Amino acid sequence: MGGQAIDLGSVGLKLDQAALEYMHRHKTGALIEASVRLGALASGQADQARLDALQVYARAVGLAFQVQDDILDVESDTATLGKRQGADIARDKPTYPALLGLDAAKGYALELRDQALAALSPFDAAAEPLRELARYIVERRH
Numbered sequence: 082m083g084g085q086a087i088d089l090g091s092v093g094l095k096l097d098q099a100a101l102e103y104m105h106r107h108k109t110g111a112l113i114e115a116s117v118r119l120g121a122l123a124s125g126q127a128d129q130a131r132l133d134a135l136q137v138y139a140r141a142v143g144l145a146f147q148v149q150d151d152i153l154d155v156e157s158d159t160a161t162l163g164k165r166q167g168a169d170i171a172r173d174k175p176t177y178p179a180l181l182g183l184d185a186a187k188g189y190a191l192e193l194r195d196q197a198l199a200a201l202s203p204f205d206a207a208a209e210p211l212r213e214l215a216r217y218i219v220e221r222r223h
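Position in the sequence shown counted from 1, then plus 81, gives you the numbering used here.
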């Protein structure tokens, strides 16, 4: 089942972390993973080891994006977010702060960022934009 279908069907449900991650890996995560993979393939320099490393990177970045999005839904304001603050809570959607607590969700976002950065260790300076993206995702405020 696709992530968006799970997302729509999970309103009002209490998902565990594995189910929440499955949903996001097949939603936002799938888009990020495909983008990273296609970029690697287009480079003509993507052997299997590099593709595997980039898959680890993309999965971590995809989840980090969603965790941070959930955090911002709690902490940010409507003007900064560009959407109504607290919208996920109001719609009773499962979120990382609701599941883990706000502080643990923040820690998890940083852990995912670190996993993404570690996955890029085989790459040289050409991967710096990917490193910057991983850092930005957990530092963003909108």
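Where is the CB? At the ideal position from N, CA and C, for every residue including glycine.
Values in this document were obtained by computation on a predicted structure and should not be read as measured data.
If you ignore the 5 residues before and after His223, its C-beta comes within less than 8 Å of the C-beta of Leu153, Ser157, Thr161, Leu162 and Gly163, all in its own chain and listed in chain order. Distances from the alpha-carbon of Gly188 to those of Glu220, Pro210 and Ala207 put Glu220 closest. For the pair Asp169 and Asp195, the Cα-to-Cα distance works out to about 26 Å.
For the set Glu102, Gly110 and Gly125, the Cα lying nearest the Cα of Gln136 is the one of Gly110.
Going by DSSP, Leu214 is part of the alpha helix (DSSP H) stretching over Glu209 to Glu220. Taking 8 Å as the cut-off, the Cβ atoms of Gly167 and Arg106 do not count as close. With respect to the 8 Å criterion, Ala134 and Pro210 are not classified as neighbours on the basis of their beta carbons.
Asp150 and Arg212 have their alpha carbons spaced roughly 19 Å apart.
Between Asp128 and Ala121, the alpha-carbon positions lie close to 9 Å from each other.
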